[in-house]
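Here the structure comes first, spelled out in structure tokens, and everything after it is commentary.
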Amino acid sequence: MQASRLHVGLCRGGPCDGQEVESRFPDGFLAVERQKRKVWIYDRNPETGEFVARRPIADTLNDELRWRAASEPHYDVRAVETGGDE
């Protein structure tokens, strides 16, 4: 599936909370903190346009999740840096 335009929205929750983010795909994006091996899934709310974190804490980025993220056709992947132990 190819993205046709950028989807812009405010993030709620996770490390991107309060930031305006662009996603190439309408379903949302994965925020990946590679150094700490963490990943947050953000789903786009089609009514508000906001990207909402599925969970308040990160999932551990294991090898299975890395391959799924790389091949995901409906979610964008973004690198993030976190300062604390999120």
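In this text, residue positions in the sequence shown follow our numbering: the first is 984, and each later residue adds one.
Glycine included, C-beta positions come from ideal geometry on N, C-alpha and C.
Contact holds between the region 1030-1037 and the region 993-1012, because three or more Cβ pairs, one in each stretch, are under 8 Å apart. Under the three-state reduction of DSSP, L1044 is assigned to coil, being neither helix nor strand. Exposure of D1000 is indicated by the presence of fewer than 16 other C-beta atoms within 10 angstroms of its C-beta. Cβ-Cβ separation between V1004 and F1012: approximately 7 Å, consistent with a contact (criterion under 8 Å). Judged by DSSP secondary structure, E1003 falls within the beta strand (DSSP E) whose first and last residues are 1003-1006. Counting only the Cα atoms, E1030 lies some 32 Å from E1047.
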